Amino acid sequence: MNEISSPPMGRVINILESADTVKEFVCTLERHDSQVMTPINKCISKIYTPFWKDKPNHIAVRDPENLKVERFIKINEEWRNFNKYPLGIVVGHFPKITTLEDGLKVLDIEFQLRRTLSSSLEREMRDFQRLDLFEDGRIDFCMLPTFTIDPADSQDLDDAISVRDLGECYEIGVHISDVASFVAKDSELDKYAKLLCTSFYPCGKEPKHMFPKELSADFFSLIPNQDRRAISLIIQVDTKTNSIKTSLICKSVIQSKRKFSYDEVENILENKHQQSDLLQMCLVKAWNFAKVHRRDRKPEDWCYKKPDEDVTLGRRRSHLMVEELMIMFNQMVAERLLFDETTRSITPLRCQDRPKSENEHVSHELINRRAMTNPQIHPQLLPLAMAFSRLFHKACILRSNSTHVSRIGHYDLDLDSYTWASSPIRRYIDVIVQRLLHSVTDKTNVRYTGHDIDLSCMEFSRKNDHQSAYEKKSNALHFAIELSNQISFCLILYFLKGCNISKQIPARFEIDGYCPAGLSYLNNSQCRAIREALANPFTLIQGPPGERYFWTLFGFFGLRLL
Numbered sequence: 001m002n003e004i005s006s007p008p009m010g011r012v013i014n015i016l017e018s019a020d021t022v023k024e025f026v027c028t029l030e031r032h033d034s035q036v037m038t039p040i041n042k043c044i045s046k047i048y049t050p051f052w053k054d055k056p057n058h059i060a061v062r063d064p065e066n067l068k069v070e071r072f073i074k075i076n077e078e079w080r081n082f083n084k085y086p087l088g089i090v091v092g093h094f095p096k097i098t099t100l101e102d103g104l105k106v107l108d109i110e111f112q113l114r115r116t117l118s119s120s121l122e123r124e125m126r127d128f129q130r131l132d133l134f135e136d137g138r139i140d141f142c143m144l145p146t147f148t149i150d151p152a153d154s155q156d157l158d159d160a161i162s163v164r165d166l167g168e169c170y171e172i173g174v175h176i177s178d179v180a181s182f183v184a185k186d187s188e189l190d191k192y193a194k195l196l197c198t199s200f201y202p203c204g205k206e207p208k209h210m211f212p213k214e215l216s217a218d219f220f221s222l223i224p225n226q227d228r229r230a231i232s233l234i235i236q237v238d239t240k241t242n243s244i245k246t247s248l249i250c251k252s253v254i255q256s257k258r259k260f261s262y263d264e265v266e267n268i269l270e271n272k273h274q275q276s277d278l279l280q281m282c283l284v285k286a287w288n289f290a291k292v293h294r295r296d297r298k299p300e301d302w303c304y305k306k307p308d309e310d311v312t313l314g315r316r317r318s319h320l321m322v323e324e325l326m327i328m329f330n331q332m333v334a335e336r337l338l339f340d341e342t343t344r345s346i347t348p349l350r351c352q353d354r355p356k357s358e359n360e361h362v363s364h365e366l367i368n369r370r371a372m373t374n375p376q377i378h379p380q381l382l383p384l385a386m387a388f389s390r391l392f393h394k395a396c397i398l399r400s401n402s403t404h405v406s407r408i409g410h411y412d413l414d415l416d417s418y419t420w421a422s423s424p425i426r427r428y429i430d431v432i433v434q435r436l437l438h439s440v441t442d443k444t445n446v447r448y449t450g451h452d453i454d455l456s457c458m459e460f461s462r463k464n465d466h467q468s469a470y471e472k473k474s475n476a477l478h479f480a481i482e483l484s485n486q487i488s489f490c491l492i493l494y495f496l497k498g499c500n501i502s503k504q505i506p507a508r509f510e511i512d513g514y515c516p517a518g519l520s521y522l523n524n525s526q527c528r529a530i531r532e533a534l535a536n537p538f539t540l541i542q543g544p545p546g547e548r549y550f551w552t553l554f555g556f557f558g559l560r561l562l
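The sequence shown begins at 1 in full-length UniProt numbering and counts up one residue at a time.
What follows is the structure in structure tokens.
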């Protein structure tokens with residue numbers, strides 16, 4: 001790009017062919033033209049669906065009341081020069097969305113998550129069973145006391161931790177499932193995973209795995225009492241100072257002895273002086289190291305962790321421990337790849353620029369003026385905390401030494417270099433980093449060019465944004481369904497006494513025998529009148545007789561979310 005010329009001049013460096021895959025969109029009928037479908041995705045143009053001459057009403061919805069609630073699955077075929085809209089065909093139909101399952105089906109179509117396993121892919125998966133786990137160059141760590149820490153219902157266990165006492169020092173191992181040793185570049189399985197680039201997690205439902213479930217939840221997963229290939233970071237730590245003495249990254253075979261949940265780990269850490277089980281004592285030692293390591297990395301705010309909806313306040317040490325060990329693993333993998341000449345300029349890095357100088361001044365003013373403290377203790381400061389977080393740049397994935405930003409490290413983590421390599425079962429960029437690590441440790445040729453890594457980083461960033469959008473929509477859908485199941489009637493009462501008007505809004509009410517303050521209980525006819533009034537937005541009901549003053553009750557009845 002030449003920015004000196006006006007307008008700026010550029011040149012075409014490559015041509016990307018159009019994808020052969022057919023895309024599906026969820027649409028509604030156009031109000032004034034039933035041959036036109038409007039995708040619910042606002043980024044997609046309207047789609048024209050021509051009628052058959054002998055079936056002019058083939059796609060039309062007969063019930064006019066359903067025009068706004070019917071959903072159609074459209075396949076976009078082509079866009080001809082003389083057509084205003086691209087052509088498409090209807091391949092499916094959805095009724096009104098009333099359940100979480102129906103809503104998730106729509107999201108699956110919108111985010112292209114519906115996939116099938118080809119016969120060649122199934123054969124490739126069966127061949128894995130005959131592979132020897134103990135290939136040349138792998139170290140046997142199966143006898144180490146090893147465990148995993150994940151949510152109780154998690155299936156894709158891609159990281160494990162081991163601890164071993166060596167006397168004056170102790171050894172901590174961070175083991176990551178070695179997916180790249182099974183998935184060859186450009187293989188059928190590699191293409192299958194590359195379509196999603198990441199696993200998708202719908203709220204309260206089974207995840208949409210990047211790899212087939214048979215691999216993600218079984219063959220690749222570090223499930224207990226099963227030998228698994230791994231890439232291991234082994235560090236020796238001084239017992240007195242908890243400082244790292246040596247580190248080693250190697251290929252290994254491990255066997256997890258137990259799967260801990262986060263709640264189990266929290267209970268163990270709360271009673272750390274009463275543990276006698278070997279794995280539990282190892283867990284406590286791993287927490288002590290992670291705490292010291294985090295304090296060295298972020299001395300000013302080492303004890304703070306951003307609030308998470310899924311984590312109970314006051315019970316987050318287990319999450320902090322796992323997070324710190326994974327950050328350490330990713331950092332050391334990045335340093336290893338940047339140290340080697342063959343991968344120094346083709347390593348995907350997770351980068352974040354520091355805030356602009358004027359933004360830093362604004363942030364200090366906000367803190368000093370508002371006396372901002374921990375938002376998890378003072379939730380009323382959440383808007384201020386959100387405004388403060390928006391001052392920071394968004395972290396991104398870039399090829400090393402490609403731009404200025406790719407050389408600045410990660411500001412929030414306070415690291416000079418950082419990558420993603422700790423979740424290869426659910427992130428495709430981690431598989432690429434593992435392949436680069438294999439080429440460095442095995443001293444083999446790298447099969448990626450700088451251009452390949454640039455395209456992979458851009459594609460992964462786009463798919464990762466899709467995953468975030470999917471998760472937000474899934475959570476919003478789940479929340480909406482939960483609220484719709486809790487709809488209740490709300491009664492707003494106005495009492496007239498002379499010229500004075502008072503209002504009473506009870507949270508909930510029972511129709512039979514309901515009595516506002518200061519009035520007699522309602523009789524049967526009045527209760528019946530209230531029932532009939534529920535069908536009207538506004539009604540007038542005569543108050544109970546025999547009161548000292550003449551009362552008239554105006555009722556506004558409607559559906560309210562309580």
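Even for Gly, the Cβ is constructed at its ideal location relative to N, Cα and C.
Computed from a predicted model, the values in this text were never measured in an experiment.
Can you give the Cα-Cα distance for residue i and residue j, rounded to whole angstroms?
{"i": "arginine 399", "j": "isoleucine 327", "result": "19 angstroms"}
{"i": "glutamine 236", "j": "threonine 246", "result": "5 angstroms"}
{"i": "aspartate 159", "j": "threonine 148", "result": "7 angstroms"}
{"i": "leucine 29", "j": "arginine 123", "result": "43 angstroms"}
{"i": "valine 12", "j": "histidine 451", "result": "14 angstroms"}
{"i": "cysteine 27", "j": "isoleucine 40", "result": "6 angstroms"}
{"i": "aspartate 412", "j": "arginine 344", "result": "23 angstroms"}
{"i": "lysine 285", "j": "glycine 173", "result": "12 angstroms"}
{"i": "arginine 114", "j": "glutamine 129", "result": "26 angstroms"}
{"i": "phenylalanine 211", "j": "isoleucine 425", "result": "7 angstroms"}
{"i": "tyrosine 170", "j": "lysine 185", "result": "37 angstroms"}
{"i": "glycine 513", "j": "valine 91", "result": "Because the pLDDT at glycine 513 is just 41, under 50, the model does not fix this residue reliably, and the point stays unresolved."}
{"i": "alanine 230", "j": "glutamate 168", "result": "27 angstroms"}
{"i": "threonine 312", "j": "serine 389", "result": "21 angstroms"}
{"i": "glutamate 110", "j": "serine 45", "result": "14 angstroms"}
Rounded to whole angstroms, how far is the Cβ of residue i from the Cβ of residue j, which I believe are closer than 8 angstroms?
{"i": "serine 232", "j": "histidine 293", "result": "In fact, because the Cβ distance is near 17 angstroms, the residues do not count as touching under 8 angstroms."}
{"i": "methionine 125", "j": "glutamate 214", "result": "6 angstroms"}
Given a cut-off of 9 angstroms on the beta-carbon distance, is the pair residue i and residue j in contact?
{"i": "cysteine 250", "j": "serine 162", "result": "no"}
{"i": "isoleucine 397", "j": "serine 468", "result": "no"}
{"i": "isoleucine 89", "j": "threonine 38", "result": "no"}
{"i": "residue 566", "j": "serine 474", "result": "Here the chain comprises residues numbered 1 to 562, so residue 566 is not present and cannot be evaluated."}
{"i": "histidine 406", "j": "isoleucine 432", "result": "Per the sequence shown, residue 406 should be read as serine rather than histidine. Cβ distance not < 9 angstroms, so serine 406 and isoleucine 432 don't count as in contact."}
{"i": "alanine 152", "j": "aspartate 263", "result": "yes"}
{"i": "valine 179", "j": "phenylalanine 220", "result": "yes"}
{"i": "valine 333", "j": "leucine 222", "result": "no"}
{"i": "cysteine 203", "j": "glutamate 471", "result": "yes"}
{"i": "glutamate 324", "j": "arginine 350", "result": "no"}
{"i": "arginine 447", "j": "serine 439", "result": "yes"}
{"i": "serine 199", "j": "aspartate 156", "result": "yes"}
{"i": "glutamate 189", "j": "leucine 121", "result": "In the sequence as displayed, the identity of residue 189 is leucine instead of glutamate. It is a contact, given that the beta carbons lie within the stated cut-off."}
{"i": "phenylalanine 329", "j": "alanine 421", "result": "yes"}
State the DSSP-derived secondary structure class of residue i, mapped to helix, strand or coil.
{"i": "proline 383", "result": "helix"}
{"i": "leucine 67", "result": "Unreliable placement is indicated for leucine 67, whose pLDDT of 41 sits below 50; the coordinate value is still reported in the next sentence. Three-state DSSP puts leucine 67 in coil, outside helix and strand."}
{"i": "tyrosine 201", "result": "coil"}
{"i": "threonine 146", "result": "strand"}
{"i": "glutamine 35", "result": "coil"}
{"i": "tyrosine 170", "result": "strand"}
{"i": "aspartate 442", "result": "helix"}
{"i": "histidine 319", "result": "helix"}
{"i": "residue 583", "result": "Coverage of the chain is limited to positions 1 through 562, which leaves residue 583 absent and any answer about it impossible."}
{"i": "phenylalanine 128", "result": "helix"}
{"i": "glycine 10", "result": "coil"}
{"i": "arginine 390", "result": "coil"}
{"i": "threonine 141", "result": "The question names threonine, but residue 141 is phenylalanine in the sequence shown. Note: phenylalanine 141 maps to coil in three-state DSSP."}
{"i": "glutamate 248", "result": "The question names glutamate, but residue 248 in the sequence shown is leucine. The answer is strand: DSSP assigns leucine 248 an E or B state."}
{"i": "arginine 427", "result": "strand"}
{"i": "valine 163", "result": "strand"}
{"i": "isoleucine 327", "result": "helix"}
{"i": "glutamine 275", "result": "coil"}
Would you kindly report the start and end of the unbroken beta strand (DSSP E) that includes residue i?
{"i": "arginine 294", "result": "It is not in any beta strand (DSSP E) - arginine 294 instead sits in the alpha helix (DSSP H) that spans 278 to 297."}
{"i": "histidine 209", "result": "Looking at the DSSP string, histidine 209 is not in any beta strand (DSSP E), and its letter there is neither H nor E."}
{"i": "threonine 28", "result": "24 to 29"}
{"i": "arginine 350", "result": "348 to 351"}
{"i": "leucine 91", "result": "Just to set this straight, residue 91 is valine in the shown sequence, not leucine. That run of the beta strand (DSSP E) goes 87 to 94."}
{"i": "leucine 269", "result": "Note, leucine 269: premise wrong, no beta strand (DSSP E); alpha helix (DSSP H) at 262 to 270."}
{"i": "serine 232", "result": "227 to 238"}
{"i": "cysteine 396", "result": "396 to 399"}
In terms of residue numbering, what span does the alpha helix (DSSP H) encompassing residue i cover?
{"i": "phenylalanine 479", "result": "450 to 484"}
{"i": "alanine 193", "result": "188 to 196"}
{"i": "lysine 105", "result": "100 to 110"}
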